[in-house]
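Input: a single structure, listed below in structure tokens.
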Amino acid sequence: KAGVTQTPRYLIKTRGQQVTLSCSPISGHRSVSWYQQTPGQGLQFLFEYFSETQRNKGNFPGRFSGRQFSNSRSEMNVSTLELGDSALYLCASSLNSDFSNEQFFGPGTRLTVL
Amino acid sequence: DAKTTQPNSMESNEEEPVHLPCNHSTISGTDYIHWYRQLPSQGPEYVIHGLTSNVNNRMASLAIAEDRKSSTLILHRATLRDAAVYYCILRAPIQGGKLIFGQGTELSVKP
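Line by line, the protein sequences are chains A and B. Note that the working numbering has the first sequence beginning at -18, numbered continuously upward. Note that the working numbering has the second sequence beginning at 2, numbered continuously upward.
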């Protein structure tokens, strides 16, 4: 079974631009979560989608948004980029939202904002 | 948010057992204890999880204290490939089950 894939793997943007990152979960998985990882803040939860609905949201400004499609693929969007948005963005999928289920992480998208 | 406390770093020798401690004194009865690890330049990887009883899988064992206020991840024979940051996480239904990562323990393995 193919793992979680994220595209693109690397991205360079400038302040004020917007960016869209994509995540394809493991086949059959319906839950997708997004995380931001920075050296200063570590791994922080952004949001979770299940069956096209946002189920949970972390403490990030409204510039960060996401969506999930009927095939469970997910995208996250960051508008009006700031230097502090430079980070590794990780996507994780799981079979469903059961709290005992493991999450499978993708390799991440490295975003650099200049 | 449900919090865990782990040592910042630990060292181990190759082929010796490793015991990684985690304190979670504010755990509630329905919170699951999950462990993930992150190897350099990779996304986190699931290791093991449990609720009340000790758990074993092919990667590791999880020992949970009787009062559930602490747990220990046990790697039975450390290899160089086990060098990673290990995260102990409480997955709490009251928080919607999201994974809240702390700073983790950076494990180094010496040959």
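Backbone N, C-alpha and C define an ideal beta-carbon position, used for all residues, glycine too.
Which of helix, strand or coil does DSSP assign to Arg82(B)?
-> Of the three classes helix, strand and coil, the one that applies to Arg82(B) here is helix, per DSSP.
Hey, is Phe41(A)'s beta-carbon within less than 8 Å of any beta-carbon in chain B?
-> Phe41(A) does not count as touching chain B.
What's the C-alpha gap between Thr(-14)(A) and Ser51(A)?
-> Answer to the nearest angstrom: the Cα atoms are 17 Å apart.
Determine the DSSP secondary structure at Pro42(A), reduced to helix, strand or coil.
-> The answer is coil: DSSP assigns Pro42(A) none of H, G, I, E or B.
Identify whether Ile75(B) lies in helix, strand or coil by the three-state DSSP scheme.
-> The answer is strand: DSSP assigns Ile75(B) an E or B state.
Could you name the residues that DSSP lists as bridge partners for Asn52(A)?
-> In the DSSP output, where bridge partners are listed per residue, Asn52(A) has none listed.
Please determine if the segment 77 to 84 of chain B and the segment 13 to 20 of chain A are in contact, where contact requires at least 3 C-beta pairs separated by less than 8 Å.
-> At 8 Å Cβ cutoff, the stretches do not touch.
Same chain, Cβ closer than 7 Å to Ala85(B), five either side skipped, listed in chain order = Hits under 7 Å: Arg38, Gln39, Leu40, Leu108.
Could you confirm whether any beta carbon from chain B is found closer than 8 Å to the beta carbon of Pro20(A)?
-> At a cut-off of 8 Å, the C-beta of Pro20(A) has no neighbouring C-beta in chain B.
With 8 Å as the threshold, decide whether the Cβ of Pro94(B) is near any Cβ in chain A.
-> Yes, Pro94(B) counts as interfacial toward chain A.
Can you pull the DSSP bridge partners for Asn14(B)?
-> Note: Asn14(B) sits in a beta bridge opposite Lys111(B).
Got a sec: which bits of the segment 43 to 68 of chain B sit with their beta carbon under 8 Å from any beta carbon on chain A, in order along the chain?
-> From the segment 43 to 68 of chain B, only Gln43, Gly44, Pro45, Glu46, Tyr47, His50, Leu52 have a Cβ closer than 8 Å to chain A.
Near Glu33(A), which residues of its chain fall below 8 Å by C-beta distance, leaving aside the five closest residues on each side in sequence?
-> Excluding sequence neighbours, Glu33(A) sits near Arg48, Gln49, Phe50, Ser51.
Leaving out five residues on either side along the sequence, give the residues of the same chain with a beta carbon under 7 Å from the beta carbon of Pro94(B).
-> Only Thr31 meet the Cβ criterion.
Confirm, please, whether the CB-CB distance from Val59(A) to Thr(-5)(A) is below 8 Å.
-> No, these two residues do not count as a Cβ contact at 8 Å.
Cβ contact (3+ pairs, closer than 8 Å) linking the segment 47 to 64 of chain B and the segment 74 to 87 of chain A = Cβ pair count under 8 Å is three or more, so yes.
Helix, strand or coil: how does DSSP classify Ile28(B) here?
-> Ile28(B) falls in the coil class under three-state DSSP.
His25(B): which of Lys111(B), Asn57(B), Gly98(B), Asp68(B) sits nearest, CA to CA?
-> When each option's Cα is compared against that of His25(B), the closest is Asp68(B).
If we cut at 8 Å on Cβ distances, does Lys4(B) have a partner in chain A?
-> No - not a single Cβ of chain A is within 8 Å of the one on Lys4(B).
In angstroms with no decimal places, state the Cα-to-Cα distance between Ile34(B) and Leu71(A).
-> Taking the straight line from one Cα to the other gives about 21 Å.
On a CA-only basis, which of Ile101(B), Glu16(B), Ile28(B), Leu74(B) is nearest Pro112(B)? Give me that one, please.
-> Looking at Ile101(B), Glu16(B), Ile28(B), Leu74(B), the one whose alpha-carbon comes closest to that of Pro112(B) is Glu16(B).
Report the residue from Met57(A), Leu27(A), Arg44(A), Phe45(A) whose alpha carbon sits nearest the alpha carbon of Lys38(A).
-> That would be Leu27(A), whose Cα lies nearest to the Cα of Lys38(A).
Check whether the Cβ atoms of Gln7(B) and Pro22(B) lie closer than 8 Å to each other.
-> Against a cut-off of 8 Å, the Cβ pair of Pro22(B) and Gln7(B) comes out as a contact.
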